[in-house]
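Structure first, then comments.
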Amino acid sequence: MKTHELLHQEDMVWVNEQGIAYTLTTAGKVRHASATTFLLVHGAMMNSLTTAELAKELAVEYPAGMVCQVDLPGHGHSIGKSLQSISDIASVLKLFITDMTTKGLFTENLVLVGHSMGGSICMQLMLDGVKAKQLILLSSAPEWKSMIPLSEIPNLQGVMQDTFEYMMMEDFKINISPEEQSKLNTLIPRMMASSQASIYDLQAMVKFDLKEQIVGINVPVLVVYGDNDSTAALENQNFMINTFTNVSNTKIAGATHTTVIKNVIEVLSAIKQFLERFSVSNQYIPEDL
C-alpha cells in the first residue's frame with residue numbers, strides 16, 4: 021500500500037432540478053490538465069457508499085489524479101426525484117459531467133467506472149456523446165432480463181427493502197470470511213437506497229436494452245466480472261467481450277455480483293493492468309509543476 025494522505029471533498033451540483041451529491045477523493049491536489057479523473061457510478065438500489073473502498077484505492081494508486089463518487093438522482097445524499105429510465109439518469113449525469121468539467125474539477129482525461137446498473141448508465145453516457153477516454157464495467161450488462169422475476173413480486177413496494185437486503189446478504193455469504201461478513205452486515209443497510217428509488221431502478225433495468233447499440237462504443241473497454249454472478253449473467257459478459265471493438269476482460273474466480281465491494285483489490289489490479297496500456301500516470305505531480 022502506497023502512503024498518501026487522502027483528501028475528501030463533499031458537495032452538490034444542481035442540474036435539471038436535481039441536486040447531485042458527490043465526493044472527490046485525492047491524494048493531493050490535481051494541478052495539471054493531463055491528470056486522470058475517475059467517475060465512479062454505483063449500481064441499482066444502492067448509493068455511492070458501495071464505491072467508497074474502490075475510490076480510496078484508486079486515489080492512492082493514482083495520486084496524480086482524482087476520483088469522484090456520485091450519488092444517482094434520488095439516491096444517497098442527492099436531492100430530487102428518482103428517475104425511471106437509464107436514459108434519463110444518463111442525461112442528468114451528462115449535465116453533471118459538463119458542469120464539473122466547466123468548473124475545472126474534472127479534467128479531459130475522464131475514465132468512467134460503473135458497477136452493475138452504473139455500468140449500463142456509463143454505456144449510455146458513451147453513446148450520448150460523453151468524451152471519456154476509457155470505460156470500465158464492473159459486474160454490468162447491456163440488458164437486465166435477470167431482474168424480471170424480482171420486478172414481478174407482488175406488493176414489491178412494501179417488501180422492497182427486506183427483499184433486496186436479503187438478496188445482498190445471500191450474495192455476501194459466498195466466498196467470504198466470518199469477519200468480513202460481520203463488517204459487511206453493518207454496512208449493507210447504509211448502502212441501500214429508499215424503497216421508491218429501488219423500485220424505479222428496477223423498472224429502469226427491466227426496460228433497458230443496449231445490445232444492438234454497444235458496438236458503437238469505440239473507446240477501450242474493460243469488462244470485469246465474477247464467474248459466480250447470477251445477476252449480470254455470464255451470457256451478457258461474453259456478449260460484451262465479443263461485441264465491443266476494443267475490449268479487455270478480467271474474470272474474478274468465485275466472485276458474485278458485488279465485486280465493487282467484496283473484490284476491491286482484484287478490481288484495482290485489473291484496472292491498473294488495463295490502464296497501463298494507455299500510459300495513464302500514477303505518479304504524483306509536485307506542486308510547483
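Throughout, my numbering is defined as the position within the sequence shown, counted from one, plus 20.
Cβ atoms here follow ideal geometry from the backbone N, Cα and C, with glycine treated the same way.
Kindly indicate the opening and closing residues of the beta strand (DSSP E) around residue 30.
Along the sequence shown, read from residue 1 onward, the residue named residue 30 stands at position 10. Run containing residue 30: 27 to 35, per the beta strand (DSSP E) assignment.
With a 10 Å radius around its C-beta and 16 neighbouring C-beta atoms as the bar for buried, classify residue 275 as buried or exposed.
If you number the sequence shown from 1, residue 275 lands on position 255. Buried: at least 16 other Cβ atoms inside 10 Å.
Within the continuous alpha helix (DSSP H) that includes residue 292, where are the two ends?
Position 272 of the sequence shown, counting from 1, holds the residue named residue 292. Looking at the DSSP string, the run of the alpha helix (DSSP H) that includes residue 292 is 284 to 296.
Between the alpha carbons of residue 120 and residue 207, how many angstroms are there, rounded?
Numbered from its first residue, the sequence shown carries residue 120 at position 100. Numbered from its first residue, the sequence shown carries residue 207 at position 187. Whole-angstrom Cα-Cα distance: 29 Å.
Among 133, 77 and 150, which one has its Cα closest to the Cα of residue 118?
Numbered from 1 along the sequence shown, position 98 holds the residue referred to as residue 118. Across the set 133, 77 and 150, the C-alpha of 150 shows the shortest separation from the C-alpha of residue 118.
Classification of residue 285 by the beta-carbon crowding that lies within 10 angstroms, buried from 16 upward
Position 265 of the sequence shown, counting from 1, holds the residue named residue 285. Within 10 angstroms of the beta-carbon of residue 285 lie fewer than 16 other beta-carbons, which makes it exposed.
What would DSSP say about residue 21, mapped onto helix, strand or coil?
Taking the sequence shown and counting its residues from 1, the one referred to as residue 21 is at position 1. Because residue 21 carries a pLDDT of 44, less than 50, the predicted location of this residue cannot be relied on, and no value is offered for it.
Going by DSSP, what residues sit across from residue 268 in a beta bridge?
Numbered from 1 along the sequence shown, position 248 holds the residue referred to as residue 268. Residue 268 pairs with 242.
So, under 8 Å CB-CB, residue 133 and residue 171 are touching, yes? Tell me the CB distance rounded to an integer number of Å.
For the purposes of this step, residue 133 is taken as residue 113 along the sequence shown, with counting starting at 1. For the purposes of this step, residue 171 is taken as residue 151 along the sequence shown, with counting starting at 1. Wrong, their Cβ atoms sit about 26 Å apart, outside the cutoff.
Reference residue 219; option with closest CA among 197, 210 and 175
Working through the sequence shown from its first residue, we reach residue 219 at position 199. With distances taken between Cα atoms, residue 219 lies closest to 175.
Could you give the residue range of the beta strand (DSSP E) that holds residue 224?
Counting from one through the sequence shown, the residue named residue 224 turns up at place 204. Element bounds for residue 224: not the beta strand (DSSP E) but the alpha helix (DSSP H), 215 to 227.
Sorted by chain position, which residues of the same chain lie with C-beta nearer than 8 Å to residue 288's C-beta, five sequence neighbours on each side aside?
Along the sequence shown, one-based indexing puts residue 288 at 268. Answer for residue 288: 74, 77, 78 and 81, listed in chain order.
Are the CB atoms of residue 56 and residue 27 nearer to each other than 9 Å?
Position 36 of the sequence shown, counted from the start, is the residue given in the question as residue 56. Position 7 of the sequence shown, counted from the start, is the residue given in the question as residue 27. Cβ distance not < 9 Å, so residue 56 and residue 27 don't count as in contact.
Residues bridged to residue 39 by DSSP?
Numbered from 1 along the sequence shown, position 19 holds the residue referred to as residue 39. DSSP lists 34 and 99 as partners of residue 39.
Nearest CA to the CA of residue 262: which residue from 86, 291, 35 and 237?
Numbered from its first residue, the sequence shown carries residue 262 at position 242. Between residue 262 and the set 86, 291, 35 and 237, the nearest pair of CA atoms involves 237.
I need the DSSP call for residue 276, collapsed to helix, strand or coil.
What you label residue 276 is simply residue 256 of the sequence shown in a count that begins at 1. If DSSP states are grouped into helix, strand and coil, residue 276 belongs with coil.
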